[in-house]
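In full-length UniProt numbering, the protein residues as written are 1 to 123.
No residue lacks a Cβ here, since even glycine has one placed at the ideal position from N, Cα and C.
These figures come from a predicted structure and were not determined experimentally.
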């Protein structure tokens with residue numbers, strides 16, 4: 001029996017939960033569905049304060065999603081130096097940055113036509 005792929009809403013909820021469990025900062029969801037020729041439906045962007053926290057966020061996302069949905073990233077990039085780690089869940093791509101790297105690349109402005117939802121955190 002084939003595994004049923006989780007829907008985007010479930011996947012996003014568990015990714016956000018994984019980020020929040022290790023106090024990831026400045027969480028934004030970019031909805032790319034109304035933009036032509038995009039590689040996925042959503043970007044989730046957040047940042048940590050160090051390479052240690054970036055790695056902790058990445059590990060927490062993977063653990064939370066795997067435990068809840070039995071899903072794992074199709075591809076992961078950037079784990080070596082942990083300045084910008086990309087987790088590709090096919091329809092949802094997660095970008096975990098160190099703050100200064102996020103400010104430098106400013107992905108949100110590159111995808112200015114996307115609907116951006118910022119997630120409020122209580123820490």
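To which residues does DSSP link residue 98 through a beta bridge?
On the chain shown, residue 98 is found 98 positions in, with the first residue counted as 1. For residue 98, which the question treats as bridged, DSSP gives the partners 48.
Residue 115 in three-state terms, based on DSSP
Locating residue 115 in the chain shown gives position 115, counting from the first residue. Correct three-state label for residue 115: strand.
Residue of 56, 13, 113 minimising C-alpha distance to residue 37
For this step, residue 37 is matched to residue 37 along the chain shown. Comparing Cα positions, the closest option is 113.
Express the C-alpha separation of residue 66 and residue 180 in angstroms, rounding to a whole number.
Outside the shown range of the chain (1 to 123) lies residue 180, about which nothing can therefore be said.
State the CB to CB distance for the pair residue 91 and residue 40, rounded to an integer number of angstroms; the pair is presumed to be in contact (CB under 8 Å).
Position 91 of the chain shown, counted from the start, is the residue given in the question as residue 91. Position 40 of the chain shown, counted from the start, is the residue given in the question as residue 40. Yes, they are in contact, since the Cβ atoms of residue 91 and residue 40 sit about 5 Å apart, within 8 Å.
How many angstroms separate the CA atom of residue 53 from the CA atom of residue 85?
Along the chain shown, read from residue 1 onward, the residue named residue 53 stands at position 53. Along the chain shown, read from residue 1 onward, the residue named residue 85 stands at position 85. When rounded, the distance between both Cα atoms is 11 Å.
DSSP three-state assignment for residue 83, whether helix, strand or coil
As a first step, residue 83 is located in the chain shown; it is residue number 83 there, counting from the start. Correct three-state label for residue 83: coil.
Output the distance between the C-alpha atoms of residue 56 and residue 72, rounded to the nearest integer angstrom.
By 1-based counting over the chain shown, the position of residue 56 is 56. By 1-based counting over the chain shown, the position of residue 72 is 72. Rounded to the nearest angstrom, the two C-alpha atoms are 16 Å apart.
If we count the other Cβ atoms within 10 Å of its Cβ and call it buried at 16 or more, is residue 97 buried or exposed?
Within the chain shown, the letter at position 97 stands for residue 97. With 16 or more other Cβ atoms within 10 Å, it is buried.
Just how far apart, CA to CA, sit residue 26 and residue 74?
Working through the chain shown from its first residue, we reach residue 26 at position 26. Working through the chain shown from its first residue, we reach residue 74 at position 74. Answer to the nearest angstrom: the Cα atoms are 24 Å apart.
With residue 95 and residue 64 assumed to form a contact (beta carbons below 8 Å), what rounded beta-carbon distance in angstroms separates them?
Here the question's residue 95 lines up with position 95 in the chain shown. Here the question's residue 64 lines up with position 64 in the chain shown. Not quite, the Cβ-Cβ distance comes to about 17 Å (not below 8 Å), so this is no contact.
Can the beta-carbon of residue 132 be found closer than 7 Å to that of residue 101?
Since the first residue of the chain shown is 1 and the last is 123, residue 132 is not available in this structure.
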